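As you go down the protein sequences, you meet chains S and U in turn.
One gets the numbering used here by counting positions in the first sequence from 1 and adding 196 to each.
One gets the numbering used here by counting positions in the second sequence from 1 and adding 4 to each.
Glycine included, each C-beta is placed from N, C-alpha and C at the ideal position.
Bear in mind that the values here come from a model prediction, so they are computed numbers and not experimental data.
Input: a single structure, listed below in structure tokens.
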Amino acid sequence: MATLLYAGGLFILGFYLLLHVTYFSTLLVSLAGIWRQPRRAGLALPELMLDSPATPPVTLLAPAYNEAASVVESVRALLTLRYPRLEVIVVNDGSTDDTLEELLRAFSMHPADVVYHPAILTRGVKRIFVSDLSPGLMVVDKANGGKADALNAGLNLCRTPWVCSVDADSVLEEDALLRIMRPAMEDSRVVACSGIVRIVNGCRVADGRVLRVALPRSPLANFQTVEYLHGFLQGRLGWSWINALLIISGAFGVFRTDVLRAIGGYSTETVAEDMEIVVRLHRHFRSRREPYRVVFVPDPVCWTEVPEQLGTLRRQRRRWQRGLAQVMSMHRGLFFRPGSGLVGWLAMPVFALELMTPVVEMAGYLVLPLAFATGAITWNTLLFYFLVAFLLATFYACFAVLLEEFTYRRYASPRDLLRLFFYAVCKQAGYHQVVTWWRLEGTWEFLRGRKQWGEQQRAGFGRAAARRPA
Amino acid sequence: LWARGATQRLQWQGKNQEGATRDLLLAFAAVNAVLILMVLLRRGVKSLAFAWRDDLRLAWAHTVDRVLQGTARLEEVAAPRPPWERAAAEATLEARWAASAQPQREVLRALFDRWGLLTRRRRDVRRGRLWQQGRAALLLGRLRCQEALPDLLWLLQHGKAEAQLAAISALHLMGSPEAIDGLVAYVAGGKHRRRRRLVWGALMRCSRRQPWRLIPHLQQPEAEVRAIVAAALAETATAAETQALSAAAGDSDAEVRASVARALGRAADPRALPALRRLAGDPVWFVRLQAVGSAGRWNGGENRALLLQATRDPDWRVRRKAAGALVALSPDPVALLSELRQQQDRYALEAAVSALERQGVTWRALQTLACGDMLERAQSAALLRLLGEAGKTEALRYAAEKHPEERVRAAVEHLLPAASTRAEPDGAPVAHAEDRRRRL
């Protein structure tokens, strides 16, 4: 028994050592990236893109499901983004409320027989509407098929060389599109680009614009703020630097249209379609040995709402974990494959470790006290393990806040800064363990073969609630 | 026994082990504390520094405003000496420059010169650190400082990507035709490959007033150079370049030919038609596509014939473009739709309907069914009947169901049965199948 516990302890130690080595490496890489990024962004000015015919036209794809309360305001905000050649396609994914009617009324829309090439198969498209008021706006009304299916329908209708997927309930900053397209202007190898997603809870929003940035009131949303800072400023920047970025957030990302079509559009087989499509992009280009880049830029901002209820957060985290497991399983052929580069030899294995984290961590919470109780380890060692885990996680969280402060400094109030540190430290005392448990549930759901999205409730920033379908 | 054992183990065991553990934990805690303190300290220092900098800028803004208003003479104002004063003065001048009209800009430019800021920035471009070089180049570009052109072209040949990026942006901002040769040399040097769009944008901006300067470069030996030059001409060419462009229509590179086709359309010169007709018969589909798009840019009997011919092109994209162009040119959509229906090409017909729908023609026809005069009503009914016969009943069905006007709903109800019985024109499914085969 003691030998078994000893071996288990060693495994957990080795696992975390490996995980933290990768975390620390991405941290160092992101440090270099975060230093260069704002300076480099200052050299290619967005105003040059505004009046240049060289700026590629972009279509914004906004899938909407039961967003009647907010869709008009969101679409208005999308139409007023600063970008020279912009089209907006809103896909009404079989809403059961008045989403479609609200759009038709607000933008004076009428059905039209526009050319629709179903190059990617989707659930039935019922009608396509064009607007009298905004020539760049189209609405596709289709049967409910989920977010990926809605994006594919929009992709079939898109006529521009670049598409941008956005959530209909997110808020983009006015020049976010100009900034996110900057890497595509600078480097012809760029095929996809991700912006940063920040948390809108607590901010003042009017007419689809964030007027004042502040931290949320709810502790749950604050913990997520720290998580988002860590995930975007530290993780994605590092992965992007070595061209092994595996996630482009579904809330805000641009892709080359021809490439998306060539790989068959978004997959409806997974709940993490945003991650799956990026992995497929890597696979596509690596197998053809063509030069490409998938990049993350931290200055274009998309503000999104995060759950403030435990139940909703639990569903979201379970879904994320299931999605991660699905993607890893779908693309298991990419692991350690010759020619797969850093994606197959580093990023995918690290994400596989990340996938296993809840199982190993929960095992750790069981094994270590058991080992202590049976005398296999001392109290000293037990305490050491827990404290090291706590301090390391706190270090990463605080470092993310430091990166934010040294670069973009969105939270201007000193009180907000202190609160960010408070939540960065407290995240490990309960919140992290609860989320780990939910992720474990997500793993279990994956093993049982569950594929649905689950309901997602949103409080709305001054708007009514909406739910995503099962 | 278990409880007693556990209680005993609660004590720290082994002096060395205790010390090492404590040290490690303390080190971790100290690192975290240092991180937090660093951020707080930086926030405090920055706040003070920003306040001080704002005060300095305000003081310089007063000085600059006095010169602009004529209450102080240029010679009376002392130049900023320490680096922080220079930075504040420069930031103030830059802000004023962005918000000023031309006469005021001359005064500001004189201030820049007099205070030695331009010389300093030109020196930074040549000898500064990488980010300094970039910032200096952008400032010189914004001020359209022609004297700095050699420095910017020098920076374009710099080994670092960031420096090249800044130089291209600066040349774009400056928009000077004298920079064209330098930019083309940069392309010919092969360094531009990843920054093609930026170089293209800069070339367009620089050649906006003098597109003829690009013409000699269409003879360059490298296809890559000719392609980027032709792409810039496609956005800047005027009628004066038609002859030279027509000569370039026989280029060996398809990309060049496509851009030339586009440029010929921009000039909207009937002299371009022979070259356009040649390009509309090009073996490469995207060259034909551009030629057809260009032919649709101006109205005339000959280019209409070219477009009608293009609606029978083997490539569906070209047919779609031609149909769209015909819709844009045609004053009578009914006649056009009848003509296209006779050709039994589903793509061309769908493209024409699509273009009509996007222009809102169908919906307007539905509105006039209720309130237009008799002639308008007859024209609208004819158009809607034709759409229905072509199987395009989406708008009609929707209007029959949801249009607010009773009269429109009744008229549409009347039109719909005829439409549904003749939804597919004879031979259309065959044409559709053939199109699919071609695409595959």
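Where residue i sits in the DSSP three-state scheme
i: U:LYS164; result: coil
i: S:ALA380; result: helix
i: S:PHE451; result: strand
i: S:PHE325; result: strand
i: S:HIS306; result: strand
i: S:TYR212; result: helix
i: U:GLU228; result: helix
i: S:VAL359; result: strand
i: U:SER250; result: helix
i: U:LYS406; result: helix
i: S:LEU239; result: coil
i: S:ILE459; result: coil
i: U:CYS149; result: coil
i: U:HIS373; result: The question names His, but residue 373 of chain U in the sequence shown is Leu. Residue state, collapsed to three classes: helix.
i: U:ARG443; result: Low confidence applies to U:ARG443: its pLDDT is 40, below 50, so where it sits in the model is not reliable enough to give any reading.
i: U:LYS396; result: coil
i: S:SER390; result: strand
Partners in chain S for residue i, counting only beta-carbon separations shorter than 7 Å
i: U:VAL35; result: PHE591
i: U:VAL288; result: Chain S residues near U:VAL288: none, gap ~17 Å exceeds 7 Å.
i: U:ALA170; result: LEU239
Unbroken alpha helix (DSSP H) run spanning residue i, endpoints
i: S:CYS498; result: First-last for S:CYS498: 489-500, but that is the beta strand (DSSP E), not the alpha helix (DSSP H).
i: S:LYS343; result: 343-353
i: U:SER384; result: 378-393
i: U:SER358; result: 350-362
i: S:THR271; result: The sequence as given places Val at residue 271 of chain S; Thr does not occur at that position. Taken as a continuous stretch (DSSP letters only), the alpha helix (DSSP H) holding S:VAL271 covers 267-275.
i: S:ILE473; result: 469-484
Buried or exposed by the 16-neighbour rule on C-beta atoms within 10 Å, applied to residue i
i: S:LEU407; result: exposed
i: S:SER525; result: exposed
i: U:PRO84; result: buried
i: S:GLN233; result: buried
i: U:PRO287; result: exposed
i: U:HIS418; result: exposed
i: S:ASP247; result: exposed
i: S:LEU425; result: buried
i: U:LEU112; result: buried
i: U:LYS164; result: exposed
i: U:GLU428; result: Note on U:GLU428: pLDDT 41, under 50, position unreliable in the model; the coordinate value appears next. Exposed, since its Cβ has fewer than 16 Cβ neighbours within 10 Å.
i: U:VAL38; result: exposed
i: U:HIS407; result: buried
i: S:PHE532; result: exposed
Of the residues the options, the one placed nearest residue i, counting alpha carbons only
i: U:VAL365; options: U:ASP377, U:GLU89, U:ALA386 and U:GLN348; result: U:ALA386
i: S:ARG281; options: S:LEU213, S:ARG236, S:CYS360 and S:ASN262; result: S:CYS360
i: U:ARG270; options: U:SER104, U:ALA235 and U:GLY254; result: U:ALA235
i: S:PRO357; options: S:THR255, S:CYS622, S:ALA364 and S:PRO415; result: S:THR255
i: U:ARG198; options: U:THR240, U:GLU226 and U:GLN168; result: U:GLN168
i: S:LEU353; options: S:LEU411, S:ILE285, S:VAL271 and S:GLU298; result: S:ILE285
i: U:ALA183; options: U:ARG217, U:ALA231 and U:GLY304; result: U:ARG217
i: U:ALA291; options: U:VAL338, U:LYS325, U:ALA356 and U:ALA248; result: Reading off the sequence, residue 291 of chain U comes out as Val, not Ala. The candidate whose alpha carbon is nearest that of U:VAL291 is U:LYS325.
i: S:ASP403; options: S:ALA593, S:GLU298 and S:LEU275; result: S:LEU275
i: S:MET544; options: S:GLY461, S:GLY238 and S:ILE443; result: S:ILE443
i: U:PRO107; options: U:VAL71, U:TRP320 and U:VAL322; result: U:VAL71
i: S:HIS480; options: S:ALA380, S:GLY537 and S:TRP437; result: S:GLY537
i: S:VAL367; options: S:ALA344, S:ARG476 and S:ILE395; result: S:ILE395
First through last residue of the beta strand (DSSP E) which encompasses residue i
i: U:VAL288; result: Looking at the DSSP string, U:VAL288 is not in any beta strand (DSSP E), and its letter there is neither H nor E.
i: S:ALA543; result: Here S:ALA543 belongs to no beta strand (DSSP E), and DSSP marks it neither H nor E.
i: S:ARG400; result: 400-402
Residue i: contacting residues in chain U (beta-carbon distance under 8 Å)
i: S:ARG323; result: GLU398 and TYR402
i: S:PHE580; result: THR25, LEU28 and LEU29
i: S:ARG385; result: ARG198
8 Å Cβ cut-off: residues of chain S touching residue i
i: U:MET42; result: LEU598
i: U:PHE32; result: LEU583, VAL584, LEU587, LEU588 and PHE591
i: U:ALA309; result: Simply none; closest approach about 24 Å.
Neighbour list for residue i in chain U, Cβ cutoff strictly below 7 Å
i: S:PRO554; result: Near S:PRO554 there are no residues of chain U at all, since even the closest Cβ is about 23 Å away, more than 7 Å.
Chain S residues whose Cβ lies nearer than 9 Å to that of residue i
i: U:GLY138; result: ARG235, ARG236, GLY238 and LEU239
i: U:HIS176; result: LEU241, LEU244 and SER248
Cutoff 8 Å: residue i Cβ touching any chain B Cβ
i: U:SER358; result: In the structure shown, chain B cannot be found, because the protein chains are S and U.
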